[in-house]
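S.K.: Take the sequence shown: its position 491, counting from 1, is numbered 693 in my numbering, and each next residue is one higher. I am attaching a structure below and will ask some questions about it afterwards.
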Amino acid sequence: MVLAELGGSISRALQQMSNATIIDEKVLNDCLNEITRALLQADVQFMLVRDMKNNIKKIVNLEELAAGHNKRRIIQEAIYNELCKILDPGKPSFALKKGKTSIVMFVGLQGSGKTTTCTKYAYHHQKKGWKPALVCADTFRAGAFDQLKQNATKAKIPFYGSYTESDPVRIAVEGVERFKQENCDLIIVDTSGRHKQEAALFEEMRQVSEATKPDLVIFVMDSSIGQAAFDQAQAFKQSVAVGAVIITKMDGHAKGGGALSAVAATKSPIIFIGTGEHMDEFEVFDVKPFVKRLLGFGDLSGFMDKIQEVVPMDQQPELLQKLSEGNFTLRIMYEQFQNILKMGPIGQVFSMLPGFSQELMPKGREKESQAKIKRYMTMMDSMTNEELDSSNPKLMNESRVMRIARGCGRPVRDVMEMLEEYKRLAKIWSKMKGLKIPKKGEMSALSRNMNAQHMSKVLPPQMLKQIGGMGGLQSLMKQMGSSKDMMGMFGGGDK
């Protein structure tokens, strides 16, 4: 997860506070001191952290709170709201509209990951049904066009550039005109970067901007600069009409929190964050879900959106039927592993689950977990249809296990490990047995059947404890608005 260290520190502070028998001033101060220390280590500006702490102390006046109030919940909400204030620029970004051609110009310093981010931005919108195209107007850096060409080819996105033309304005104009004729509805122009902010860079940006008349200018910034992001974002805003910011390399630096808060302080909307080198390591930045994930509260809405993206509509009723029967087969496990891999980086997906702690997915373990899932799937590829469709563990005798191990080229112990994982998941799945299936068109009835008692049986004990037990789970389900987020998983719910 992005800012895993910061999120882990804040989650631990909240957990220690929740575990306290009595919530008094000492417990509150210990919790706030841990959180402020974590924020300062993430390079968040001292004044912002100090103001946040003072505001929480004003809101949470323990002496004035009546005996019946849930002090833990009030403290959690105050911390959540104050963190949202720090990261929220309070200004919406430009919204692209389908049906008309939008031109987006990317600007930034050299080394910020601008060219890669252009392709990620195009790829993200391509998956949403846009027809993007890339124009390389970076004539300053050797190899810029080669890099964009390679990335665009891999993502199957049309591109334009030149090895001989040295005028970036001419390339930008020609590229935009060409893709307009090809009816591309999102044309992305990558401009030259520099090693530092200099007059030549800003002048070139202005010329390209005047010639192409972009609907949106996006400034790409490296998160490793921390608080210095404030001055950099301000300088670019004053030179060109920056409408949004994308912060990159959020996976590798502890100063990401400082960069986010510094950019927000300039009132520049942050629209995406880059979380790795791969195309799918690119997240929409939405303050409230981001802070929820940081605190370990999860982002159920985002999680359900991801499920809806990867589970085809025609398979959703079938999945729900299998859920109610509690009949978990190896084939179902295989299909769900496929869906998990389609969702994107595992750490990013799991951080959307309420109660997910960074300790459950330590930094650097995401790739290991992803590789393990792929190994399990390879083993299941060596199984017969009878083995995949049976829910009887006794079917998998020693000779079958030996045959599967030979077929996939893995040791017998690996196959046994996979079967143990299957039994564990089957046990969780069986607890959903008896969930009443609403008729087609009455999917909102699922919210009445999927009550907190039912959910508490399904969630792992560690996750349930971090949410705050049954009380926390009931509150969480209320926040979901009668489980409308849950409905997204099955393509139902109110529109």
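C-beta atoms are modelled at their ideal positions from N, C-alpha and C, and glycine is treated no differently.
#1: Who pairs with leucine 388 in a beta bridge, going by DSSP?
#2: Assuming leucine 216 contacts glutamine 278 under a Cβ cut-off of 8 Å, what Cβ separation, rounded to an integer in Å, is found between them?
#3: Which full runs of the alpha helix (DSSP H) of 4+ residues lie inside the segment 223-263, going along the chain?
#4: Taking one C-beta from the segment 221-228 and one from the segment 249-256 each time, how about it: are there three or more such pairs within less than 8 Å?
#5: Comparing alpha-carbon positions, which option in Lys293, Val391, Asp340 lies nearest aspartate 369?
#6: Hey, quick one: how far does the alpha helix (DSSP H) through isoleucine 427 stretch, first residue to last?
#7: DSSP state of valine 442, grouped into three classes?
#8: Are the CB atoms of isoleucine 420 and isoleucine 449 within a distance shorter than 8 Å?
#9: At the level of alpha carbons, what is the spacing between tryptophan 332 and lysine 255?
#10: Relative to the alpha-carbon of asparagine 221, which residue among Asn257, Arg275, Asp433, Lys259 has its alpha-carbon at the smallest distance?
#11: For a test of the three-state rule: what should DSSP assign to tyrosine 745, helix, strand or coil?
#12: Where does methionine 652 land, buried or exposed, given buried means 16+ other C-beta within 10 angstroms?
#13: Could you tell me whether the segment 361-380 touches the segment 403-419, using the rule of 3 or more Cβ pairs below 8 Å?
#14: Who are the near neighbours of leucine 621 in its chain, counting only those whose CB is closer than 8 Å to its CB and skipping five residues on each side?
#15: Excluding five sequence neighbours on each side, which residues of the same chain lie with their C-beta closer than 7 Å to the C-beta of arginine 380?
#16: Can you give me the Cβ contacts of leucine 234 inside the same chain, cut-off strictly under 7 Å, excluding the 5 residues immediately before and after it?
#17: If you run the structure through DSSP and keep just helix, strand and coil, what is glycine 395?
#18: Sorted by chain position, which residues of the same chain lie with C-beta nearer than 8 Å to leucine 242's C-beta, five sequence neighbours on each side aside?
#19: Using CA coordinates, which residue listed in Asp591, Thr586, Arg605, Lys544 is at the minimum distance from isoleucine 575?
#20: Go ahead and pull the three-state DSSP assignment for leucine 418.
#21: To the nearest whole angstrom, what separates the beta carbons of valine 309 and aspartate 417, a pair I think is in contact under 8 Å?
#22: Just verifying my parser: in three-state terms, what is the DSSP assignment at leucine 562?
#23: Per DSSP, valine 371 forms a beta bridge with which residues?
#24: Cα separation between serine 646 and lysine 439?
#25: State the beta-bridge partners of valine 465 as determined by DSSP.
#26: For threonine 531, which three-state DSSP category applies?
#27: Taking the Cβ atom as the reference point for each residue, do cysteine 338 and alanine 344 lie within a distance shorter than 8 Å?
#28: Does the segment 421-432 touch the segment 458-476, meaning 3 or more C-beta pairs lie closer than 8 Å?
#29: So the beta strand (DSSP E) glycine 476 belongs to, where does it begin and stop?
#30: Whole angstroms are fine: how far does the CA of arginine 615 sit from the CA of glutamine 328?
#31: Among all the DSSP beta bridges, which residues are the ones paired with isoleucine 449?
#32: In angstroms with no decimal places, state the Cα-to-Cα distance between leucine 298 and serine 211.
#33: Comparing C-alpha positions only, which one of Ala443, Ile389, Phe432 sits nearest to phenylalanine 404?
#34: Beta carbon of isoleucine 237, beta carbon of alanine 466: below 8 Å?
#35: For the alpha helix (DSSP H) that contains glutamate 265, what are its first and last residues?
M.R.: If we stick to the structure as given:
#1: Per DSSP, Ser304, Pro334.
#2: The pair is a contact, with the Cβ atoms about 6 Å apart (cut-off 8 Å).
#3: The segment 223-263 contains these whole alpha helix (DSSP H) runs: 227-243, 248-261.
#4: No, the segment 221-228 does not touch the segment 249-256.
#5: Of Lys293, Val391, Asp340, the residue nearest in Cα terms is Asp340.
#6: Counting along the chain, isoleucine 427 falls outside any alpha helix (DSSP H), and DSSP gives it neither H nor E.
#7: Coil.
#8: Judged by beta-carbon spacing, isoleucine 420 lies beyond the 8 Å limit of isoleucine 449, meaning their Cβ atoms are not closer than that value.
#9: Approximately 43 Å, taken between the alpha carbons.
#10: Out of Asn257, Arg275, Asp433, Lys259, Arg275 has the C-alpha closest to the C-alpha of asparagine 221.
#11: Not covered by the structure: residue 745. The range shown for the chain is 203 to 697.
#12: The predicted model places methionine 652 with a pLDDT of 48, which falls under 50 and marks its position as unreliable; any figure quoted below should be read in that light. Its Cβ being crowded by 16 or more others within 10 Å, methionine 652 is buried.
#13: Counting Cβ pairs under 8 Å, three or more are found: they touch.
#14: Hits under 8 Å: Pro595, Met598, Val603.
#15: Taken in chain order, the residues that qualify are Tyr362.
#16: Only Lys255, Ile258 meet the Cβ criterion.
#17: In the structure shown, glycine 395 sits in coil (DSSP, three-state: anything other than H, G, I, E or B).
#18: So the qualifying residues of the chain are Phe248, Val251.
#19: Comparing Cα-Cα distances from isoleucine 575 to each of Asp591, Thr586, Arg605, Lys544, the minimum goes to Lys544.
#20: DSSP places leucine 418 in the strand class (E or B) of the three-state scheme.
#21: The distance from the Cβ of valine 309 to that of aspartate 417 is about 14 Å, inconsistent with a contact at the 8 Å cut-off.
#22: Reliability of the predicted coordinates at leucine 562 is poor, the pLDDT of 45 falling under 50, and no value is obtained from them.
#23: BP columns for valine 371 are empty, so no partner.
#24: In this predicted model, serine 646 has a pLDDT of only 40, less than 50, meaning its place in the structure is not dependable; the value taken from the coordinates is given anyway. Taken atom to atom, the span from the alpha-carbon of serine 646 to that of lysine 439 is near 46 Å.
#25: Its beta-bridge partners do not exist; DSSP assigns none.
#26: DSSP, reduced to helix, strand and coil, places threonine 531 outside both helices and strands of the structure shown, so it counts as coil.
#27: Against a cut-off of 8 Å, the Cβ pair of alanine 344 and cysteine 338 comes out as no contact.
#28: As far as the Cβ criterion goes, the segment 458-476 touches the segment 421-432, which means the pair count is three or higher.
#29: Taken as a continuous stretch (DSSP letters only), the beta strand (DSSP E) holding glycine 476 covers 472-476.
#30: Cα-Cα distance, rounded: 42 Å.
#31: Paired residue(s): Met423, Ile475.
#32: One C-alpha to the other measures close to 37 Å.
#33: The shortest Cα separation from phenylalanine 404 among Ala443, Ile389, Phe432 belongs to Ala443.
#34: No; because the gap between Cβ atoms is not below 8 Å, this pair is not in contact.
#35: Unbroken run through glutamate 265: none, as it is neither H nor E.
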